[in-house]
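Peer 1: Numbered according to this note's numbering, the sequence shown terminates at residue 496, and the numbering increases by one at each position without gaps.
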Amino acid sequence: MDSAATTQRVLVTAACRSCGKPVYTDQGYHAVTERHWECEKALTTDFEQASARVDALMSDFGVRPKRHKKSEGSGAIAIKVKAMAVAAVEEHLGRKLETVMLWNQQGAYRGDKWDLARWGIHFEVRLSEGGSPLRGSAHSWTRMTDCAKAKKMVAHREDGEFGFNVEPA
């Protein structure tokens with residue numbers, strides 16, 4: 328007997344709030360709203376279109392529409408600094424980085440010590456072809472603007488095997 332035939336489907340919610348059909352865990356679904364992924368995506372697209380129509384109507388009446396802020400870390404300086412940090416870590420490891428994510432924070436007292444790192448990246452790297460990805464991180468105490476003004480960044484190993492400090496050269 329096929330094991331797939333005996334496996335029971337797990338119900339997330341009895342009815343999707345958009346389409347009314349049941350939502351199962353083996354389908355794509357949004358974890359917060361518990362809607363089907365397709366329903367959630369369509370709802371988000373509808374909202375963006377409605378927001379654009381309202382902005383157009385407001386401009387017809389002479390009211391300036393509200394500027395929608397970009398998410399933090401998506402500006403030109405952040406993109407440049409992220410690329411420089413990736414290049415520095417790749418040069419140090421001699422491997423291509425995968426799945427790179429930028430983070431940004433204010434310095435603060437966290438747990439039992441001060442954490443003054445301003446920004447950094449999380450990444451995955453494979454040490455061999457077809458090998459499992461290993462996770463690592465790199466951080467910097469220098470402001471992004473100062474790093475962007477530099478021509479190059481250098482990675483220094485810190486915090487074990489895959490922890491780095493990246494600073495302007």
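C-beta atoms are modelled at their ideal positions from N, C-alpha and C, and glycine is treated no differently.
Using DSSP with H/G/I as helix, E/B as strand and the rest coil, what is A341?
Peer 2: DSSP places A341 in coil when its eight states are reduced to three.
Peer 1: Can you find the residues in the same chain that come closer than 8 Å, C-beta to C-beta, to S345, ignoring five residues on each side of it along the sequence?
Peer 2: For S345, where only same-chain residues beyond five positions count, the Cβ hits under 8 Å are R362, H363, C366, E367, A369 and L370.
Peer 1: Assuming contact is defined by CB atoms lying nearer than 7 Å, are G438 and F450 in contact in what I supplied?
Peer 2: In this structure, F450 does not lie closer than 7 Å to G438 by Cβ.
Peer 1: Leaving out five residues on either side along the sequence, give the residues of the same chain with a beta carbon under 7 Å from the beta carbon of K423.
Peer 2: Excluding positions up to five away in sequence, the list reads E417.
Peer 1: Within 10 Å of its beta-carbon, does F491 have 16 or more other beta-carbons around it, so buried, or fewer, so exposed?
Peer 2: Buried: at least 16 other Cβ atoms inside 10 Å.
Peer 1: Decide if the stretch 471-483 is in contact with the stretch 397-414; the criterion is three or more beta carbon pairs, one per stretch, under 8 Å apart.
Peer 2: Yes, they touch.
Peer 1: Rounded to whole angstroms, what's the CA-CA distance from V381 to Y356? Just pull it up for me.
Peer 2: Distance between the alpha carbons of V381 and Y356: 29 Å.
Peer 1: T426: which of Q433, V452 and I404 sits nearest, CA to CA?
Peer 2: The shortest Cα separation from T426 among Q433, V452 and I404 belongs to V452.
Peer 1: Of all the options V337, T360, A358 and H483, which has the alpha carbon lying nearest to the alpha carbon of Y351?
Peer 2: Selected option, being the one with the closest Cα: V337.
Peer 1: On the CB-based measure, 16 or more other CB atoms within 10 Å of its CB, does V326 come out buried or exposed?
Peer 2: In this structure the chain extends from 328 to 496, so residue 326 is not present and cannot be described.
Peer 1: From the DSSP output, in three-state form, read off E456 for me.
Peer 2: Coil, per DSSP.
Peer 1: Less than 8 Å between the CB atoms is what I'm expecting for L420 and G400, so what's the real figure, rounded?
Peer 2: Going by Cβ atoms, the distance from L420 to G400 rounds to 23 Å, so no, they are not a contact pair.
Peer 1: Can you give me the start and stop residues for the alpha helix (DSSP H) that A410 sits inside?
Peer 2: Residues A403 to L420.
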